[in-house]
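Numbering (our numbering), first residue to last: 1155 to 1588.
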């Protein structure tokens, strides 16, 4: 099918009200993480993965144009993943073992490529310990635009993961996760990063470090049934320079997160909702290996959940930034990003965001979601650039499977020499085989 017809189909679908669930098959991983956060607000355990074998095939793809417009929860679609074609998604579980994979074959600019979009080979024992070789989105942080430390806006990367069961210890119920992975070799300089032109020039001069290793760990503690606290950290290290020499130890970078989540039943009763929760966090990613939360980025958010509806409100500030150091040594010029998308919040850690998100039911038993974000970028040297970001999503069940789409648009309000408007889109029709 030709690309113009795909665009017309997408525009027709998005003419309906916005949607709740994300595009099927392409963004199932991010949708599952979001459902788990809604379940936490309700005080319910997240739904476990289906144990029955399953297989889906689908038709669709993703595309973008103009100003960088991230798909929140998009798993890299529109930016790191573009093209139109076929998809295959399967899952099998036996005993404590499980295997799942999502494979895409997409054609873009007269080039067809195969992509292992998500995959997991995991074992979870009866005690609750889980070990996996996997590639999928993460949610380390509860922000509406993605976890502040690890989010679902960017394309997933392969990693080895280990998770403990809930352990009843003094002062609460404890649970921990850790992973070790590796990012791609030639990472593009993101559109939202500080000193982008200088970084591009340094990359052309061979100052970039390739294929960095990424390590992370997070500790969660639940105090009773209403409060949960988290402490997490990331480290980017290793890799090689343009001459194949190992990266210097001084190039290591770290990120850190402290978060508090609180269920508020009294607020839920006041709003006539099934559940209400607050989330507060502090995160930082300094330009060195310091493990610190200062200077950091503060975030505060509220979520309310009714039957079939939910509402989220959030404010995230931008950290104060010291004078940038000159790019005279090999370093990770793309920062905490993969394929041009941030590993954490969808707008990067240097933007102040004010977010409203609404989930609602649609006609024909569909589910919808609408998100509006005002983002103010403080990246150097262009400071104080305001933009509006609108994202709409829709999904319906069909007699043979699912159909859905996500569309994001972004427009700069302040004068700027570059393009002032952009969009990103994903759409897919999935068919059940069994």
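Where a beta carbon is used, it is the ideal one built from N, C-alpha and C, also for glycine. Model, not experiment: these values are computed from the prediction.
Can you have a look at residue i and say buried or exposed, based on whether 16 or more other CB atoms are within 10 angstroms of its CB?
i	result
residue 1576	buried
residue 1473	buried
residue 1341	buried
residue 1248	exposed
residue 1339	exposed
residue 1399	exposed
residue 1530	buried
residue 1182	buried
residue 1270	exposed
residue 1517	exposed
residue 1188	buried
residue 1490	buried
residue 1323	exposed
residue 1619	No answer is possible for residue 1619: the residues shown for the chain start at 1155 and end at 1588.
residue 1314	exposed
residue 1404	exposed
Could you check where the beta strand (DSSP E) with residue i kicks off and where it finishes?
i	result
residue 1400	Note, residue 1400: premise wrong, no beta strand (DSSP E); not H, not E.
residue 1254	1251 to 1262
residue 1545	1539 to 1552
residue 1354	Looking at the DSSP string, residue 1354 is not in any beta strand (DSSP E); the run it does join, the alpha helix (DSSP H), is 1350 to 1358.
residue 1575	1575 to 1586
residue 1377	1367 to 1377
residue 1248	1237 to 1248
residue 1215	1208 to 1220
residue 1527	1520 to 1531
residue 1506	1505 to 1516
residue 1228	Note, residue 1228: premise wrong, no beta strand (DSSP E); not H, not E.
residue 1384	1381 to 1391
residue 1275	1265 to 1278
residue 1347	Premise fails: residue 1347 is in no beta strand (DSSP E) and is neither H nor E.
residue 1205	Element bounds for residue 1205: n/a, residue is neither H nor E.
residue 1179	Counting along the chain, residue 1179 falls outside any beta strand (DSSP E), and DSSP gives it neither H nor E.
residue 1286	1284 to 1289
residue 1562	1555 to 1566
Please decide whether residue i counts as near chain B, where near means a Cβ-Cβ distance under 8 Å.
i	result
residue 1204	Within the model displayed, chain B is absent; a lone protein chain is all it includes.
Taking the continuous alpha helix (DSSP H) assigned at residue i, which residues delimit it?
i	result
residue 1419	1419 to 1425
residue 1186	1182 to 1196
Quick one: residues in its chain with C-beta nearer than 6 Å to the C-beta of residue i, no 5 flanking neighbours on either side, listed in chain order?
i	result
residue 1254	1245 and 1274
residue 1294	1301, 1303, 1304, 1372 and 1386
residue 1243	1179, 1210 and 1256
residue 1230	1308, 1309, 1493 and 1495
residue 1556	1178 and 1584
residue 1106	This structure does not reach residue 1106, given that the chain is present from 1155 up to 1588, and the question cannot be answered.
residue 1457	1195, 1431 and 1466
residue 1391	1367 and 1406
residue 1237	1215, 1260, 1261 and 1262
residue 1217	1236 and 1579
residue 1506	1471, 1472 and 1530
residue 1377	1326
Just to confirm my understanding: we take residue i, look at its own chain, exclude 5 residues before and 5 after, and list those with CB closer than 7 Å. What are they?
i	result
residue 1459	1192, 1195, 1196, 1427, 1428 and 1429
residue 1337	1311, 1365, 1366, 1368 and 1492
residue 1520	1173, 1548, 1549 and 1550
residue 1298	1455, 1466, 1468, 1509 and 1511
residue 1587	1209, 1210 and 1211
residue 1444	1408
In chain order, what residues of the same chain lie with their CB nearer than 8 Å to the CB of residue i, ignoring the 5 residues before and after it?
i	result
residue 1440	1407, 1408, 1446 and 1449
residue 1397	1360
residue 1394	1363, 1364, 1365, 1400 and 1401
Given the structure, does residue i come close to the ligand ATP, in the sense that its CB is under 7 Å from one of the ligand's heavy atoms?
i	result
residue 1558	By its list of ligands, the structure shown contains no ligand whatsoever, and the ligand ATP lies outside what it can speak to.
- Stretch pair the region 1480 to 1494 + the region 1202 to 1209: three plus CB contacts closer than 8 Å: no
- Message: Does the region 1212 to 1228 come into contact with the region 1455 to 1469, if we say contact requires no fewer than three beta-carbon pairs (one atom in each stretch) closer than 8 Å?
- Response: no
- Message: Report the start-end ranges of each beta strand (DSSP E) in the region 1299 to 1345 that is 3 residues or longer and not cut off at the edges.
- Response: 1312 to 1317, 1321 to 1323 and 1326 to 1336
- Any chance the region 1258 to 1275 sits against the region 1350 to 1361, with 3 or more Cβ pairs inside 8 Å? no
- Answer yes if the region 1312 to 1330 comes into contact with the region 1280 to 1299, meaning at least three C-beta pairs across the two stretches below 8 Å, and no otherwise. yes
- For the region 1429 to 1497, list the alpha helix (DSSP H) runs that are entirely contained and at least 4 residues long, ordered along the chain. none
- Query: Should the region 1409 to 1417 be called in touch with the region 1377 to 1386, which here means at least 3 C-beta pairs below 8 Å?
  - Reply: yes
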